[in-house]
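Here the structure comes first, spelled out in structure tokens, and everything after it is commentary.
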Amino acid sequence: MSRQSGGTELDSRPDSEAAEIAHEQTYVSNLYDRLDDLRDQAEQRRSGVLRQTGGTQQERSQRDSTVAMYTDQVERLNAVENGLCFGRLDPDDGPSRYIGRIGIFAPDVDHEPLLVDWRAPAARPFYLATAAAPTGIRRRRHIRTRFRTVTGVDDEVLDLSAGAPGPASDLTGEASLLAAVTASRTGRMGDIVQTIQAEQDRVIRADLGGVLVVQGGPGTGKTAVALHRAAYLLYTYRQQLSTRGVLIVGPNTTFLRYISHVLPSLAETGVLLATLGDLFPGVRATAAEPAEVAEVKGRAVLADVLAAAVRDRQRVPDRPMAIPVDEDVTLELTGSTVEAARERVRRAGRPHNLAREQFEVEIVHALAAQLAERIGTDPYADDPLGGNDAPGDPQLLGEADLAEIRRELRANPAVRAALDELWPVLTAQQLLGGLFGSAEALDSAASALPAGDRALLLRSAAPQEWTPADVPLLDEAAELLGEDDRARRAAQERERRRRIAYAEGALEIAKGSESYEFEDQESEILAATDLIDADRLADRHTGGEWLSTAQRAAADRQWAFGHVIVDEAQELSAMAWRLLMRRCPSRSMTVVGDVAQTGALAGAASWAAVLEPYVADRWRQAELTVSYRTPREIMAVAAKVLADIDPALEPPRAVRDAGVEPWDRLVPDPAELPDRLIEQVRAEVAAIGDGRLGVIVPAADLDRLAAAVAAAVPDVAVGNDPDLVRRVVVLTVPQAKGLEFDSVLVTDPDGVVSESRRGLSDLYVALTRATQRLGVLRPAAAG
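For the sequence shown, the tail end lands on 1520 under our numbering, and the numbers increase by one without skipping.
Shown next, in the form of structure tokens:
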């Protein structure tokens, strides 16, 4: 396989590089002209729809949907502006096929394909064809562009019969790949659509169904593959996924911002990106907590603890409860009556809040029967001369009387207060806050946990600041409680009646304004009141806001996604997996991670342990074995740490050299660490030019070291959600998950290791964030 930079030799023809670039420039310019036409058409159609006004509610809803469709088209066409066309395939027979971010067709009646979408089957040889298996392709060309200008071409001649030399490596588009991975970082993740390799392509195009685990070491492109897989699935299974949507879960908001530009650049704008802390609508869980507390919250046994906490809120009184229902009448609720009612309700198996209505019926019926018994029987019913109650005498109150009594009891404040005490309607926040805010409640519901673990869960009952580890518990609690929507339905009914009353008034005005000049004559003139009644008029004037699939999914805790992609999945706890499985009942998932990099104490030790409770052995694994980001010099350092984690683990194979050896320097006086760190930050900033420097420090030292660097060096980002566009970012290992920098300074590696039972995994992560340069500052041990 022959490679030429700039097309200096094409099919052995002496075409110049300038001529080849000019040829491709003409074609690419025509593509951009067509792109502009398509964008103008979409904008004009959107403007035309926006000018329409009035109409029924259905017509307005359709108009909003159409506007959203054209808006999405415009956004997609804008998003592919840079790098629209990046390749060309020359088959043995037939015309060349240009490959790009979207498919573009000629405006003529034949709709000739001008640009093939990279996800289409016709584009696949661009990623898979080799000299050994050319699949009918004689040449593959990589087209380099900057905005709308072609800057160069790289060719791979795949036809060995033409006398081209054999392949020098197993990489596809090696020149373009190496240019991409060695380019300076920008603080935003770029797509790899131009440089997808064969093992990555197989993962990206795997079938939609079932659980696919993508296991890969540092630098293998797991995240990029996952994002491109999302784009591929949405393209290939558009009908299935457009209504249910795709959810991508990342480890933190910094990571989500880092990857947020990738899918739009691939012409997909409707995917929901979220952290675990975002997955309970109405709660923004960003508070921090000790790792040991998060680990306890992540255990699967917490599901049983929450179920017990719900049962504990279904109370039986220790002594009879007095229920005053009138000035002269006080009823009594005994423990046996309440317990019998509770057991009958529990046997129905409904969630707690939904079962409240049945419990209410049981208690109200028991109180009504008690009141009826006090009123007594009718001694004269069978014997006019009678006068004393006797067994078998009929009740004085008939069924209609009892129904009225029950209605009054249900509205009685004392009865309502008793019901709220015995079987309260709860939110998930109330249940969890009450449980963690009470040692007594924890001792009762969490008796299976050791006392020390219960003490870790105990916290103030003051207004909550929720942590990411709380979100799976809130979700579990919501499942156990169910949603009592009676108040919401009552409010909706009141609003509907208000609209009807308004509509009735409008129709009355319309009828009153009719002319009576010809009232004695037969008339066939139709009035508004002949065509519509108040109910229909009210319905037509119900306002509604059009929301995208992602927006609707984000607001609905019970939304079932068509596909879920989980990045850094090894960090998720058992309780987090329960939440995600509820979000994806079809079990169509892509699980991306590396168990060697597990840092969370509640994280995965193996994929089998995570998945078998939900899909048994019906999951498949694909492994990415080649590291494109991490050079050999840095991988050699990281491999020593990996061997300490597990000698059986193999590091990924690095495909390039950086030409710079990592360094490890001792700081004899730990008090001088901030000053030595500042010196090295300045040196690395000078060395990497426009690149980005990551300074990874122990969490316990973050505030001190970040403040020192920020005070001495310009353009530094720090904090829980740092801005990665800054030249220097100071952060901890959990914050660095999934990120990459041109250069990395790991400060106090022993401190990183000592902070956690999985400290070696954290250090492995820290050492593999760099694409070019790695330095280690190691303070001497105190004493």
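Even glycine gets a Cβ: it sits at the ideal position worked out from N, Cα and C.
Here the structure is a predicted model, which is why all the values come from computation and not from measurement.
- According to the DSSP assignment, Gln1358 belongs to the beta strand (DSSP E) that extends over 1356-1361.
- By the C-beta density criterion, Pro1205 is buried, having at least 16 other C-beta atoms within 10 angstroms.
- Inclusion of Leu1309 and Val1347 in the CB contact set at 9 angstroms is warranted, their separation being smaller than that value.
- Every alpha helix (DSSP H) stretch that sits fully inside the region 1408-1462 and reaches 4 residues is listed by chain position as 1410-1425, 1439-1449.
- Within the same chain, Pro988, Gly1330, Lys1474, Gly1475 come within 6 angstroms of Glu1305 by CB-CB distance, once the 5 residues on both sides are set aside.
- According to the DSSP assignment, Tyr835 belongs to the beta strand (DSSP E) that extends over 834-837.
- Your pair Asp827 and Arg875 checks out as a contact, with CB atoms roughly 6 angstroms apart and the cut at 8 angstroms.
- Closest in C-alpha terms to Ala1424, from the list Asp1440, Val1434, Val1465, Ala1437, comes Val1465.
- In this structure, the CA atom of Thr909 is about 33 angstroms from the CA atom of Val1432.
- DSSP places Ala1011 inside the beta strand (DSSP E), whose first and last residues are 1009-1012.
- Distance from the CA of Val1098 to the CA of Pro1057, rounded to the nearest whole angstrom, comes to 19 angstroms.
- For Lys1034 against Leu1210, the beta-carbon gap comes to about 6 angstroms, under 8 angstroms, which counts as contact.
- Three or more pairs of CB atoms, one per stretch, sit closer than 8 angstroms, so the region 1141-1160 contacts the region 1060-1072.
- Relative to Gly982, the option among Glu1110, Thr1286, Ala1046 whose CA is nearest is Thr1286.
- Counting the other CB atoms within 10 Å of its CB gives Thr957 a total of 16 or more, which places it among the buried residues.
- For the pair Arg1393 and Thr919, the CB atoms are nearer than the 9 angstroms cut-off.
- Around the beta carbon of Val846, fewer than 16 other beta carbons sit within 10 angstroms, so the residue counts as exposed.
- A straight-line Cα-Cα distance of about 8 angstroms links Pro1471 and Asp1499.
- For Asp1221, there is no enclosing beta strand (DSSP E), as DSSP gives it neither H nor E.
- DSSP places Gln762 in the uninterrupted alpha helix (DSSP H) bounded by 754-787.
- For Ala1359, the closest of Ala935, Asp928, Leu1403 by C-alpha to C-alpha distance is Ala935.
- Per DSSP, the continuous alpha helix (DSSP H) segment holding Asp1499 begins and ends at 1496-1504.
- The beta carbon of Pro862 is closer than 7 angstroms to those of Leu826, Thr872, Ile874 in its chain, skipping five residues each way along the sequence.
- Measuring C-alpha to C-alpha distances from Thr1505 to each of Gln1334, Leu1439, Gly1340, Thr960 identifies Gln1334 as the nearest.
- For Ser1073, the enclosing alpha helix (DSSP H) begins and ends at 1072-1084.
- Each residue's CA atom was taken as its position, placing Gly831 and Leu851 some 14 angstroms apart.
- In the three-state reduction of the DSSP assignment, Gln1509 falls in the strand class.
- Under the three-state reduction of DSSP output, Asp1180 falls in the helix class.
- Residue pairing of His1300 in beta bridges, as defined by DSSP: Val983.
- Inclusion of Arg939 and Thr1327 in the CB contact set at 9 angstroms is not warranted, their separation being larger than that value.
- Excluding five sequence positions before and after Arg1315, the CB atoms of its chain that fall closer than 7 angstroms to its own CB belong to Ala1040, Pro1209, Glu1213, given in chain order.
- Assignment of Ser1493 by DSSP, reduced to helix, strand and coil, places it in the coil class.
- If you draw a straight line from the Cα of Leu1159 to the Cα of Ala1183, it is about 21 angstroms long.
- The closest CA to that of Ser833, considering only Ala779, Ala860, Glu812, is found on Ala860.
- When rounded, the separation of the alpha-carbon atoms in Gly792 and Ser798 is 10 angstroms.
- The shortest CA-to-CA distance from Val890 to any of Asp896, Ser913, Ala870 is the one to Ser913.
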